[in-house]
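Before any comments, here is the structure.
Numbering (the working numbering), first residue to last: 130 to 438.
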């Protein structure tokens, strides 16, 4: 997934991210050794002086050891975590994360997730290709205006009803180093391929820390590129593997980890992203109508419920 990681790193450059300076943040890139490593000769020269790259020898099928290694390399006191290197960001993410930290040092910031393409073709069409998707990105000319990524994307399956009601998980989450330490960083019990449900566990653990402020960036996004990953690939064994992920999560967590708090929406919404605001509002209105009177909580976690929303 060299091209996908390259795109992701380009979306983290200070020349792409708006209203930021290279001295404002660092980018730690950690890759486990494989037959297809990215391994740039000089990551700081290609992407910026604030980038550092680490290539690790790792026998585990889980990214958890690499994630915890990355935590050890961080110099800042506020950390953003993207476990999948194929997730590009929109241009305002770091700017609004900085803004959230100015509101509260205990801010937790979640970036909504999207998939490149009109729908999640990769789950239903075995012939869906990396080449097709990369050509779609090229046509969007996203490096000139990263908000054009919204024009060639759809909500991820984990958050199909948008960001105005509970998101099942988040693949781009920001929190203080102290709060990541509070949850034990990435739990080493998540040993399954791809880390199993580690994203969900980290996200919900952070949100449930008392006395934190929970922000969602409705005008920003984390955009997944197809690369044959564990949970985003077409496979006859996919449902079986997802069931094993859920089983492991329950064995670690029991029935805890539900989200029962409204987020604070932060940031402007570019014209390219208005369609997703409309979708989110539509499904949220249906949810509010179903819940009925005002005494009911609009944001109780319904991860295990099947609704018509």
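Using N, Cα and C, we set each Cβ at its ideal position, and we do this for glycine too. These numbers come from a predicted model, not from an experiment.
Query: Sub-8 Å separation of residue 138 and residue 160 beta-carbons; Result: no
Query: CA-to-CA distance, residue 301 to residue 240, given in whole angstroms; Result: 6 Å
Query: Alpha-carbon spacing of residue 410 relative to residue 287, whole angstroms; Result: 17 Å
Query: Sub-8 Å separation of residue 401 and residue 284 beta-carbons; Result: no
Query: Close Cβ partners of residue 312 (< 8 Å) along its chain, the five nearest in sequence each way excluded; Result: 331, 334, 335 and 338
Query: Neighbour-count burial assignment, residue 439, 16 or more Cβ in a 10 Å radius; Result: Given that the chain is displayed from residue 130 to residue 438, the structure contains no residue 439 and the question cannot be resolved.
Query: Beta-carbon proximity list for residue 131, same chain, < 6 Å, skipping 5 on both sides; Result: 167
Query: Contact between the region 145-160 and the region 213-230 (3+ Cβ pairs under 8 Å); Result: yes
Query: Same chain only: Cβ atoms within 6 Å of residue 136, ignoring 5 sequence neighbours per side; Result: 217
Query: Runs of alpha helix (DSSP H) lying entirely within the region 278-312, each at least 4 residues, in chain order; Result: 306-311
Query: Among 175, 152 and 187, the one whose alpha carbon lies nearest that of residue 163; Result: 187
Query: Assigned exposure category for residue 403 - 16 Cβ within 10 Å defines buried; Result: exposed
Query: Where the alpha helix (DSSP H) through residue 381 begins and ends; Result: 367-382
Query: Residues that DSSP places opposite residue 326 in a beta bridge; Result: In the DSSP output, where bridge partners are listed per residue, residue 326 has none listed.
Query: Beta-carbon proximity of residue 192 to residue 323, cut-off 8 Å; Result: yes
Query: Cβ shell of residue 341 (< 6 Å), same chain only, five flanking positions each side left out; Result: 235 and 237
Query: Beta-carbon separation (whole angstroms), residue 348 vs residue 396, contact threshold 8 Å; Result: 5 Å
Query: Opposing strand residues paired with residue 242 [DSSP bridges]; Result: 351
Query: Spatially closest choice to residue 197 from 263, 399 and 316, by CA coordinates; Result: 316
Query: C-alpha gap between residue 412 and residue 351, whole angstroms; Result: 21 Å
Query: Residue 421 to residue 294 span [Cα, whole Å]; Result: 15 Å
Query: Reference residue 190, options 225, 321, 345 and 326, closest by Cα; Result: 321
Query: Contact under 8 Å by Cβ, residue 319 with residue 272; Result: no
Query: Spatial distance of residue 263 from residue 214 (CA atoms); Result: 15 Å
Query: Residue(s) in a DSSP beta bridge with residue 394; Result: 345
Query: Burial state of residue 298, where buried means 16 or more other Cβ atoms lie within 10 Å; Result: buried
Query: Contact under 8 Å by Cβ, residue 155 with residue 209; Result: no
Query: 8 Å Cβ shell around residue 375 - same chain, five flanking residues per side excluded; Result: 326
Query: Beta strand (DSSP E) segment containing residue 157, residue limits; Result: 156-161
Query: Residue nearest to residue 157 in terms of C-alpha spacing, selected from 369, 201 and 170; Result: 201
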